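Notes to accompany the following structure.
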Amino acid sequence: MFGLDAPGLAETTKTAPAADEPFLAAFRASAAPMVMTDPRRPDNPIVFANPAFCRLTGYAPEEVLGRNCRFLQGPDTDPAAIARVREAVAAGEPLQVDILNYRKDGRPFWNAMTLTPVRDETGAVRSYFAVLSDVTRTRQAERALAREKDGLAQDLEARNRALQTALDQQTALLHEVDHRVKNNLQVISSLVLLKARRARDAACRDVLRSMADRIGALATVHRLLYALSDVARFDLRDFADEFAAELEAGIDPDRIALAIDVEAVAVPASMAAPLALLVHELSVNAVRHAFPGDRRGRVAITARAEGEGLILEVSDDGIGLPAQSDNPEGFGRDLAGMLVRQLRGSLTFEDLEPGTRARVVLPLVPPLAATAGQAPGQGL
Amino acid sequence: MNAGGLRVLIVEDEVFIALELECLLEEAGHVPVGVATRSGEAIALARDLAPDVALVDIHLADGPTGVAVAQALSAQPGTTVLFTTANAKRVPADFAGAAGIIAKPYSERVIRAALAYVAGRYHGGVPTEPPDGVVMARGPASGTP
Chain A
1 MFGLDAPGLA ETTKTAPAAD EPFLAAFRAS AAPMVMTDPR RPDNPIVFAN
51 PAFCRLTGYA PEEVLGRNCR FLQGPDTDPA AIARVREAVA AGEPLQVDIL
101 NYRKDGRPFW NAMTLTPVRD ETGAVRSYFA VLSDVTRTRQ AERALAREKD
151 GLAQDLEARN RALQTALDQQ TALLHEVDHR VKNNLQVISS LVLLKARRAR
201 DAACRDVLRS MADRIGALAT VHRLLYALSD VARFDLRDFA DEFAAELEAG
251 IDPDRIALAI DVEAVAVPAS MAAPLALLVH ELSVNAVRHA FPGDRRGRVA
301 ITARAEGEGL ILEVSDDGIG LPAQSDNPEG FGRDLAGMLV RQLRGSLTFE
351 DLEPGTRARV VLPLVPPLAA TAGQAPGQGL
Chain B
1 MNAGGLRVLI VEDEVFIALE LECLLEEAGH VPVGVATRSG EAIALARDLA
51 PDVALVDIHL ADGPTGVAVA QALSAQPGTT VLFTTANAKR VPADFAGAAG
101 IIAKPYSERV IRAALAYVAG RYHGGVPTEP PDGVVMARGP ASGTP
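So the sequence lines, in the order shown, correspond to chains A and B. Following full-length UniProt numbering, the numbering of the first sequence begins with 1 at its first residue and continues without gaps. Following full-length UniProt numbering, the numbering of the second sequence begins with 1 at its first residue and continues without gaps.
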């Protein structure tokens, strides 16, 4: 009842050998929907359809036999898929295709179809044999997955955009703050220097100039800090090079020789300002007070990392600390002591006979990390 | 360059920085010929005064217009432009025609050395090494004789 005189099928061809009977029974019993067409008849009609095909499509056998398979197509069937089937049939080639088909009641289903041309002994195509498979659930799951993936990708993109915007704003803000800090340091330095120029009293002028120098040391720190991409680190050697050039410009090189041997030590940004001031105070003290009158000599500034710490030494071959009577206020030395305390280090003075060596040992750990957020006077 | 040093136009909107710079230039033997705080004023003054050197800040009273000022002033024959800025990142790759950048905060030493270098290279003075603390343009800046 499922096939109508299809040549080669035992049920419809009385002359067919009995050996075909088991195969026909197998096709009819199969749970896989199957259909066979005869291309030698007009419009390649269906000549066999098994019960599974009728269950899937909802058509009775007599409704499909003798008709071309295109009745399975519907409004949303992809024309490209139809074209592929047509081309395969025209060329007599096998085909695997996913195509949207429609049941008798109009409900669509995704059909993963295998189409095979069946040839006789002369090589001519006697029939087309199609096995259908309802893959609607798989397709739906795939589409849901794809939608979810798209959604996640869009989500991720939106988040990336938001993060990038936040980062751009942060960077712009950092540049703005950096610009203002540096500009203000220039203003402060200019103010002090202007006042120094107008001061009639030489001692007053000296005090203002030495304050401008201290501001200059801080200014150098800020210029170097923001010049690098890593704003959290500060290279002590870069600072020492610039500082030495400034110091040298203020002394007579024939009278006092400067020797700088500072390693490239990465210093946490929070320690940069006090450390720079410390180098400034110790060095300026040596240059200013160790060589009274026309005394000649040498000042050496050395620094190196040792373990977790930094060792900074400023030595001179001048008159020695006890003899330095022209520094009654000793402000520079007081400052050095305070800065070393802030940096949680130690400061010792050694008599070199002749001269003095100031030796500072301090830990290279930011105060915040060491004291859990209660360090006073955080430098930067 | 005349015997009195370089004639320098200061383009700077911070009044204390400009005033201190004038004092420093005089002390170093140069002649500050004027101070401009806005871009239009800077271009007009440069046209009238034809300075040897213009020290140009990027952020002026009318906004970040220093780059345009540098472009206009360096196109003027005989004028060498040096940026003095705390925002060197704003300087375009071609330096807008300027000969170099003096990064703020600068020291007196760097200003002196930069002007000595410019005098030597562009204005017939004694040649000196380019100073540290100043980024010089790679190519020949305008103002070259």
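Positions of the beta carbon are idealized from the N, C-alpha and C atoms, including for glycine. This one's a predicted model, so the numbers in the text were calculated from it and none came from an experiment.
query: Just curious, the alpha helix (DSSP H) that residue 66(B) is in, first and last residue?
result: Residue 66(B) sits at position 66 when you count from the first residue of the second sequence. Per DSSP, residue 66(B) belongs to the alpha helix (DSSP H) from 66 to 74.
message: For residue 234(A), which residues in the same chain have their Cβ closer than 6 Å to its Cβ, ignoring the five residues on either side in sequence?
response: Numbered from its first residue, the first sequence carries residue 234(A) at position 234. Around residue 234(A): 225, 267, 269 and 272.
task: Ignore the nearest five residues each way along the sequence and tell me which others in residue 118(A)'s own chain have a CB closer than 6 Å to its CB.
output: Locating residue 118(A) in the first sequence gives position 118, counting from the first residue. Answer for residue 118(A): 126, 127 and 129, listed in chain order.
- prompt: Hey, is residue 149(A)'s beta-carbon within less than 9 Å of any beta-carbon in chain D?
  reply: Note that chain D does not occur in the displayed structure, where the protein chains are A and B.
- prompt: Can you list, in chain order, the residues of the segment 13 to 26 of chain B whose Cβ is nearer than 7 Å to any Cβ on chain A?
  reply: 14, 16, 17, 19, 20 and 23
message: According to DSSP, is residue 110(B) part of a helix, a strand, or is it coil?
response: In the second sequence, counting from the first residue as 1, residue 110(B) sits at position 110. Looking at residue 110(B) - three-state DSSP - the assignment turns out to be helix.
query: Interface residues of chain B around residue 167(A) at Cβ under 7 Å?
result: Along the first sequence, one-based indexing puts residue 167(A) at 167. Those within 7 Å of residue 167(A) in chain B number zero; the least Cβ separation is about 16 Å.
Coil, strand or helix - residue 99(B) by DSSP: Here residue 99(B) is taken as the residue at index 99 of the second sequence, counted from 1. Coil.
query: Regarding residue 65(A) and the ligand NAP, is the C-beta to nearest heavy atom distance less than 8 Å?
result: Of the ligands one can find in the structure shown there are none, so the ligand NAP has no counterpart to examine.
- prompt: Quick one: what does DSSP say residue 137(B) is sitting in, helix, strand or coil?
  reply: As a first step, residue 137(B) must be located in the second sequence, where it is residue number 137. Three-state DSSP puts residue 137(B) in coil, outside helix and strand.
- request: Rank 143(A), 66(A), 84(A) and 53(A) by C-alpha distance to the C-alpha of residue 102(A) and give the top, closest one.
  value: Numbered from its first residue, the first sequence carries residue 102(A) at position 102. Of 143(A), 66(A), 84(A) and 53(A), the residue nearest in Cα terms is 53(A).
- prompt: Cβ of residue 130(B) less than 9 Å from any chain A Cβ?
  reply: Counted from its first residue, the second sequence places residue 130(B) at position 130. It does not; no Cβ of chain A falls within 9 Å.
query: From what residue to what residue does the alpha helix (DSSP H) around residue 96(A) run?
result: The count along the first sequence starts at 1 and reaches residue 96(A) at position 96. Not the alpha helix (DSSP H): residue 96(A) falls in the beta strand (DSSP E), residues 95 to 102.
message: When you compare the CB positions of residue 42(B) and residue 50(B), do they come within less than 9 Å of one another, or not?
response: Translated into positions along the second sequence, residue 42(B) becomes position 42. Translated into positions along the second sequence, residue 50(B) becomes position 50. No.
task: With DSSP collapsed to three states, give me the class of residue 119(A).
output: To locate residue 119(A), count along the first sequence from 1; it is residue 119. Note: residue 119(A) maps to strand in three-state DSSP.
query: What is the rounded straight-line gap between the Cα of residue 12(B) and the Cα of residue 232(A)?
result: Translated into the one-based positions of the second sequence, residue 12(B) becomes position 12. Translated into the one-based positions of the first sequence, residue 232(A) becomes position 232. Rounded to whole angstroms, residue 12(B) to residue 232(A) spans 30 Å at the Cα level.
message: So that I know if they touch, is there some Cβ in chain B lying closer than 9 Å to that of residue 222(A)?
response: As a first step, residue 222(A) is located in the first sequence; it is residue number 222 there, counting from the start. With 9 Å as the cut-off, residue 222(A) counts as an interface residue toward chain B.
Validate contact between the segment 56 to 66 of chain B and the segment 158 to 174 of chain A using beta carbons, cut 8 Å, 3 pairs: no
task: Have a look at 45(A), 39(A) and 59(A) and flag the residue whose alpha-carbon is nearest the alpha-carbon of residue 91(A).
output: If you number the first sequence from 1, residue 91(A) lands on position 91. Nearest option by C-alpha distance: 39(A).
field: Three or more C-beta pairs below 8 Å linking the segment 83 to 101 of chain B and the segment 27 to 36 of chain B
entry: no
task: Mind reading off the beta-carbon distance from residue 54(B) to residue 9(B)? Whole number of angstroms is fine, and I expect it under 8 Å.
output: Locating residue 54(B) in the second sequence gives position 54, where the first residue counts as 1. Locating residue 9(B) in the second sequence gives position 9, where the first residue counts as 1. About 4 Å; that satisfies the 8 Å criterion.
message: Just to make sure I have the definition right: I need the residues of chain A whose C-beta is within less than 7 Å of the C-beta of residue 107(B). Which are they?
response: The sequence position of residue 107(B) within the second sequence is 107, counting from 1. Result: 216 and 246.
field: For residue 151(A), three-class secondary structure by DSSP
entry: Locating residue 151(A) in the first sequence gives position 151, counting from the first residue. Helix.
- request: Return no unless some Cβ of chain B is closer than 9 Å to the Cβ of residue 189(A).
  value: Numbered from its first residue, the first sequence carries residue 189(A) at position 189. Cβ-Cβ to chain B under 9 Å: yes for residue 189(A).
message: Mapping the DSSP letters down to three states, classify residue 285(A) as helix, strand or coil.
response: Against the first sequence, residue 285(A) aligns to sequence position 285. Helix.
message: Counting only C-beta atoms, is residue 133(B) closer than 9 Å to chain A at any point?
response: As a position in the second sequence, residue 133(B) is number 133, starting the count at 1. It does; some Cβ of chain A falls within 9 Å.
- request: For the beta strand (DSSP E) containing residue 268(A), list its first residue and its last residue.
  value: Stepping through the first sequence from its first residue, residue 268(A) is reached at position 268. Run containing residue 268(A): 266 to 268, per the beta strand (DSSP E) assignment.
message: Strictly under 9 Å for the Cβ-Cβ distance: is residue 183(A) near chain B by that measure?
response: Here residue 183(A) is taken as the residue at index 183 of the first sequence, counted from 1. Output row for residue 183(A): interface = yes.
query: For residue 209(A), which residues of its own chain have a beta-carbon under 7 Å away from its beta-carbon, when the five flanking residues on both sides are left out?
result: Residue numbering aside, residue 209(A) sits at position 209 when the first sequence is read from its first letter. Closer than 7 Å at Cβ, skipping near neighbours: 196.
task: Can you tell me which of 342(A), 276(A), 202(A) and 300(A) puts its alpha carbon nearest to the alpha carbon of residue 219(A)?
output: Here the question's residue 219(A) lines up with position 219 in the first sequence. Closest option to residue 219(A), judged by alpha-carbon separation, among 342(A), 276(A), 202(A) and 300(A): 276(A).
- request: Compare the C-beta of residue 258(A) against all C-beta atoms of chain B and say whether one is closer than 9 Å.
  value: Looking up residue 258(A) in the first sequence gives position 258. Not one chain B Cβ lies under 9 Å of residue 258(A).
task: Please report the Cβ distance between residue 246(A) and residue 112(B), rounded to the nearest whole angstrom; I am assuming they are in contact, meaning their Cβ atoms lie under 8 Å.
output: Start at 1 with the first residue of the first sequence, and residue 246(A) comes out as number 246. Start at 1 with the first residue of the second sequence, and residue 112(B) comes out as number 112. Here residue 246(A) is actually not in contact with residue 112(B); their C-beta atoms are around 12 Å apart, not less than 8 Å.
Reduced DSSP secondary structure (H/G/I, E/B, other) of residue 20(B): Taking the first residue of the second sequence as 1, we reach residue 20(B) at position 20. In this structure, residue 20(B) counts as helix in the three-state DSSP scheme.
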